[in-house]
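Notes follow once the structure below has been shown.
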Amino acid sequence: MSAVTALAGAAVSGIWKLATVVLAAVLLVATGAAGTGWWVAAGDRDVARAALVVERGASAALRASIAEQNLAIDGMAKATLLAMQRGEAAQAAAAAAGRKYSAAQAQLAGVRATTCAEAMPAVRQMLEGVR
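Under this note's numbering, the very last position in the sequence shown is 138; numbers go up by exactly one each time.
Okay, here's the thing in structure tokens:
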């Protein structure tokens, strides 16, 4: 039995050596795969960071253009308000001038003239009334 025991011991020793080599190979492959995964993830992270920087720049440019547009809109609103105020003032002035003209015409309601000399006092009175 000593030969069988020696043979069995050699077989078990060979199995353990083979298992050690197989486990070492599996560990090497798993470590390599994990390292490759980390490397790919780091590359993707770097690409994402670069894209983020580009998007932040575009976002800042858009914010600046929106702020510029808002300033232009505010300026147009102020200009519109001023134009409306000028328009109201012009309408009031035109209404006042119209009232003066109507009053001057009412003063000359019955005047008749056939010559220039007869019409001049009425014209003068009309101009004085409109002034």
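Yeah, the Cβ is synthetic: ideal placement off N, Cα and C, and Gly gets one too.
Test item: CB-CB of residue i and residue j under 9 angstroms
| i | j | result |
| --- | --- | --- |
| Ala-111 | Gly-136 | yes |
The alpha helix (DSSP H) enclosing residue i, as first and last residue numbers
| i | result |
| --- | --- |
| Ala-40 | 9-114 |
| Arg-119 | Premise fails: Arg-119 is in no alpha helix (DSSP H) and is neither H nor E. |
Nonlocal neighbours in the same chain, by C-beta distance under 8 angstroms from residue i, ignoring five residues either side
| i | result |
| --- | --- |
| Ala-129 | Leu-115, Val-118, Ala-120 |
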